[in-house]
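Numbering (the working numbering), first residue to last: 26 to 630.
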Amino acid sequence: MLKPRSTPTRELVNLDGLWRFAVATTTDGEPWTGPLDTRLEAPVPASYNDLFTDSAIRDHVGWVWYQRQVRVPRGWAGERVVLRFDAATHGAKVYVGDVLVAEHVGGYTPFEADVTEHVRPGEEFRLTVGVNNELTNRTIPPGSITVTQDGRRKQTYLHDFYNYAGLARSVWLYCKPAVHIDDITIVTGIDGADETVGTVEYSVETNSPAAVRVRALDADGMEVAAGEGANGTLRITDVKLWRPGAACLYDLVVEARGDDGEVVDTYTEPFGVRTVEVRGTQFLINGEPFYFTGFGKHEDSPVRGKGHDDAYLVHDFQLMEWIGANSFRTAHYPYAEEVMEFADRHGIVVIDETAAVGLNLAVESGLLGTPPRPTFSDDTFNDDTRAAHAQAIRELISRDKNHPSVVMWCIANEPASNEEGAREYFEPLVALTRKLDPTRPVTYAAVMFATHENDRIADLFDVLCINRYYGWYIATGDLATAEAYLEGDLRGWAEKFGKPIMMSEYGADTQPGLHSVWDTPWTEEYQVAYLEANHRAFDRIDAFIGEHVWNFADFQTANGIHRVGGNKKGVFTRERLPKAAAHALRARWTSLNDRKPAHGDDHRS
Ligand code: GCB
């Protein structure tokens with residue numbers, strides 16, 4: 026799906042700002058048919074949960090309403106007028122005046138509504154958006170809703186981060202011509218015979234037949250290749266590759282022409298020329314071994330919750346650069362498109378994850394102390410769940426397929442890959458991911474209970490991403506035992522599957538300002554010692570291709586789980602102040618990066 030952009034044939038209006046806001050009650054009727062009866066206003070983009078002091082709003086389960094007036098620019102006569110929501114978490118209904126124009130399920134991917142027939146250039150319309158935060162065993166991520174003894178609906182879920190909801194990303198009104206470009210797919214390569222030539226395979230979809238012309242422009246705007254037709258391959262000589270830490274982007278300018286040759290639509294898609302490949306136990310970017318250093322992150326900040334914020338975006342990337350991180354995983358859902366574009370421009374490598382976190386009922390029984398239920402069954406996660414999961418994969422790849430920063434799809438975090446039914450559940454999803462994008466490796470992040478002996482799905486994937494907390498949830502405070510357990514565990518996976526292996530999560534909760542000379546959990550020294558023990562084990566495994574600490578920063582967690590003021594495994598606090606571990610990681614990662622891998626070398630040795 027194309028991001029709304031201003032081009033010579035397209036214009037856009039940003040609808041961010043303060044909207045009228047109300048929580049749905051059972052007596053609501055049809056709030057979209059008139060002005061919302063409310064005193065509340067909510068900013069877009071932001072999660073609504075932490076804005077208000079009323080806990081009934083924070084803990085509300087169900088629909089909330091956002092509303093504002095929108096004026097269509099008067100020059101848009103004859104154009105298609107489209108509303109675009111970058112995200113509505115987790116479900117949405119959109120009304121223009123009294124008319125329902127769009128419905129969407131899935132909280133972290135965009136959707137659109139063509140509203141041309143319902144609006145008039147130069148005039149205003151009332152835009153009302155219902156947003157629903159409910160998670161069930163038919164949604165991704167899953168959850169369940171119970172009713173308390175006093176009749177309140179209560180949402181529970183199988184992940185620890187807080188279920189922030191609302192319009193956390195931008196909303197746009199844009200116009201495009203009647204005959205327009207619908208989609209663009211770009212796959213790049215490096216010519217085997219001559220490594221200075223980049224190949225750019227492109228494919229353009231238009232909504233009705235049109236002649237297509239494409240031009241590739243370099244960073245100075247100079248044309249470096251051109252082609253005719255909706256599909257083709259361009260060749261860029263003396264190509265400047267997109268490299269981790271040294272991004273170089275080109276623009277693909279796509280033009281659709283009418284019968285008499287005039288340009289009817291233009292769209293510019295940035296791209297980078299690079300290759301990604303798993304070969305043996307190596308992860309290669311542009312044919313060179315890549316070692317991931319960085320984090321599992323979250324979109325999370327005080328007050329705005331998961332609301333996208335460019336200031337946090339810039340600051341987080343500054344901190345990642347300072348600490349020597351070359352990559353991150355979009356744990357546990359697709360991030361705002363601004364984040365992906367920033368990563369493209371700044372050469373940060375991304376493992377792009379769907380919102381399939383919590384497909385694991387062993388986690389539920391651990392958290393709630395209830396008897397274990399099978400994860401995959403007709404009554405629990407079933408074909409409907411898988412259909413929602415498939416849709417989440419489609420929407421992620423459709424949105425992010427052209428980002429050079431994205432080097433791997435992660436289709437689930439900590440599923441019950443050790444349980445019966447896991448293979449039947451995942452096999453079609455892996456096949457779908459490969460069909461939608463045959464160029465990028467596919468992975469999932471393996472939970473603690475899944476071992477190399479009982480895991481049923483690892484062979485379907487390209488890279489083994491392992492989440493482990495030895496020294497935190499297991500062997501707490503005993504780092505010698507933790508290190509030995511971890512090494513044995515990792516060796517088991519490496520030897521059995523012969524695939525590249527990386528640590529996609531390891532971390533220890535840490536209260537900044539707490540200190541000890543001993544290995545005392547929660548102290549800043551313990552977080553440092555915990556990371557060092559992990560690193561010693563990693564450095565002894567040959568097939569090891571990277572380390573992503575959990576987490577970049579402290580983050581807000583669900584009410585009712587046993588955390589003190591949120592998850593404190595951040596290397597930075599929620600306000601982005603460094604803990605001692607930040608300095609220790611910086612020392613390790615900057616020295617790893619200084620020993621840049623030469624072709625085929627293991628730069629850790
Ligand atoms: C995990 C999850 C992550 C949690 C983390 C923790 O395994 O993948 O979402 O936040 O553990 O801190 O417990």
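Here a beta-carbon is modelled for each residue, glycine too, at the ideal position from N, C-alpha and C.
Considering only their Cβ atoms, is the gap separating residue j from residue i smaller than 8 Å?
i	j	result
Ser195	Asp41	yes
Val107	Glu137	yes
Leu27	Tyr275	no
Gly252	Val239	yes
Arg493	Tyr531	yes
Thr262	Gly191	no
Leu338	Phe367	yes
Ala272	Gly321	no
Thr213	Arg299	yes
Leu37	Arg93	no
Pro33	Arg109	no
Asp207	Glu230	yes
Gly312	Ala71	no
Glu512	Asn438	no
Ile491	Leu515	yes
Beta carbon of residue i: closer than 7 Å to some heavy atom of the ligand GCB?
i	result
Asn592	yes
Asp325	no
Asp185	yes
His357	yes
Asn188	no
Trp575	yes
Asn385	no
Asn492	yes
Asn443	no
Asn407	no
Glu646	Outside the modelled stretch of the chain, which goes from 26 to 630, sits residue 646, for which no answer is possible.
Glu530	yes
Glu36	no
Glu439	yes
Beta-carbon within less than 6 Å of residue i's beta-carbon, same chain only, minus the 5 sequence neighbours each way: which residues are those?
i	result
Ala605	Glu549, Val553
Gly283	Val289
Gly625	With a pLDDT of 38 at Gly625, under the threshold of 50, the modelled position of this residue cannot be trusted; read the value that follows with caution. Contacts found: none.
Per the DSSP calculation, residue i is bridged to which residue(s)?
i	result
Trp88	Asn157
Lys118	Glu128, Gly155
Phe597	Ala578, Pro603
Ser31	Partner(s): none; Ser31 has no beta bridge.
Val431	Val375
Trp44	Ala67
Pro295	Asp276
Pro146	Per DSSP, none; premise fails for Pro146.
Asp290	Ala281
Met365	Answer is none; Met365 lacks a bridge partner.
Ser326	Gly330
Leu197	The sequence given here has Trp at residue 197, not Leu. BP columns for Trp197 point to Asn39, Arg109.
Phe406	Phe401
Thr464	Paired residue(s): none; Thr464 is not in a bridge.
Asp208	Glu230
Ile215	Gly223
Just to check my reading of the structure: residue i and residue j have Cβ atoms closer than 8 Å, yes? What is that Cβ distance to the nearest angstrom?
i	j	result
Val13	Thr458	Outside the shown range of the chain (26 to 630) lies residue 13, about which nothing can therefore be said.
Tyr91	Val156	7 Å
Ser430	Ile373	6 Å
Tyr189	Gly168	No, Tyr189 and Gly168 are not in contact; Cβ-Cβ is about 13 Å, not under 8 Å.
Thr134	Ala112	7 Å
Thr318	Glu572	6 Å
By Cβ distance, which residues of its chain are closer than 8 Å to residue i, with the 5 residues on each side in sequence left out?
i	result
Thr400	Leu384, Asn385, Leu386, Ala387, Phe406, Pro440, Ala441, Glu444, Gly446, Ala447
Pro546	Trp497, Thr501, Gly502, Ala533, Asp534
Phe522	His477, Ala483, Asp484, Leu489
Phe77	Leu65, Arg83
Val542	Glu550
Gly595	Thr535, Asn576, Phe577, Ala578, Asp579, Phe580, Lys604
Pro98	Glu36, Val38, Pro146, Gly147, Cys200
Got a sec? Which residues, its chain only, sit under 7 Å from residue i by beta carbon, not counting five neighbours each side?
i	result
Val48	Ile82, His85, Val89
Asp544	Gly502, Leu504, Tyr551, Ala554
Ser630	Summary for Ser630: the model assigns pLDDT 39, below 50, so the residue's position carries little reliability; its value from the coordinates is reported in the next sentence. Excluding residues within five positions, none has a Cβ falling inside 7 Å.
Arg163	Asp409, Thr410, Ala413
Gly391	none
Val364	Leu338
Gly122	His143, Phe150, Arg151
Tyr360	Glu324
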